[in-house]
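Taking it in order: structure first as structure tokens, then the write-up.
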Amino acid sequence: MSTAHLSTISVRNKVQYDMKNVQLVYAASYKLQSQSALATEYWFDWRVVDIVTKQNIDYTIEKNIGDIDSKCDKISDGFRCSTYYRSYWQLSWQMNEKFYKINKNSAQFNVWDIDDRGELEITVLNEGDQIRLDFKLPSGNAYFYGKMYDNPISTE
């Protein structure tokens with residue numbers, strides 16, 4: 001199986017409140033990336049992936065980032081990611097005694113061979129009245145939105 005080692009993970013807090021107990025989860029699904037599969041196999045793979053229930057997930061890596069003060073960033077050691085399987089992510093944290101995480105359990109942002117020894121940068125910022133999470137790797141960018149939850153294990 002092909003892998004890329006992310007050298008560091010940087011999380012930037014650009015919102016006006018401190019983020020507590022920041023947790024990052026990476027999941028490699030059983031769904032193949034297009035570089036690894038026949039095009040038709042990639043296009044017509046409709047299996048549902050859920051990072052919380054681990055549906056169609058091969059393995060996960062959980063990373064405790066810790067607390068990040070407002071307008072600050074925190075850098076953590078990276079880890080190995082699959083470049084063979086599709087990559088899914090979940091970021092969760094507490095802010096003002098409320099729980100937040102990416103608003104879906106299937107936030108896909110693939111890691112490619114070109115990302116080997118690169119940095120994953122995650123920026124948490126306000127976009128109007130929403131919280132946006134920008135993910136950046138050497139191979140490209142993706143963004144997701146955050147959502148408030150009643151408790152940290154909510155699957156809503």
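For the sequence shown, counting from 1, position 126 maps to 126 in UniProt numbering; every step adds exactly one.
C-beta: ideal position from N, C-alpha, C; glycine also.
These numbers were taken from a predicted model, which means no experiment stands behind them.
Item	Value
In terms of alpha-carbon separation, which member of Leu125, Gly128, Thr53 lies closest to Ser106?	Thr53
Is it right to say Trp89 is buried, meaning 16 or more other beta carbons lie within 10 angstroms of its own, or is it exposed?	buried
Could you tell me if Tyr100 is buried or exposed, where buried requires 16 or more neighbouring beta carbons within 10 angstroms of its beta carbon?	buried
Since Leu6 contacts Gly66 with CB under 8 Å, what's their CB separation in whole angstroms?	Going by Cβ atoms, the distance from Leu6 to Gly66 rounds to 18 Å, so no, they are not a contact pair.
Applying the 10 Å Cβ sphere with the 16-neighbour rule, what's the burial state of Lys98?	exposed
By the DSSP assignment, the beta strand (DSSP E) with Ile114 in it spans what residues?	First-last for Ile114: undefined, no H or E at that position.
Give me whichever residues DSSP pairs with Gly140 in a beta bridge.	Leu137
Report the three-state DSSP secondary structure of Asn105 (helix, strand or coil).	coil
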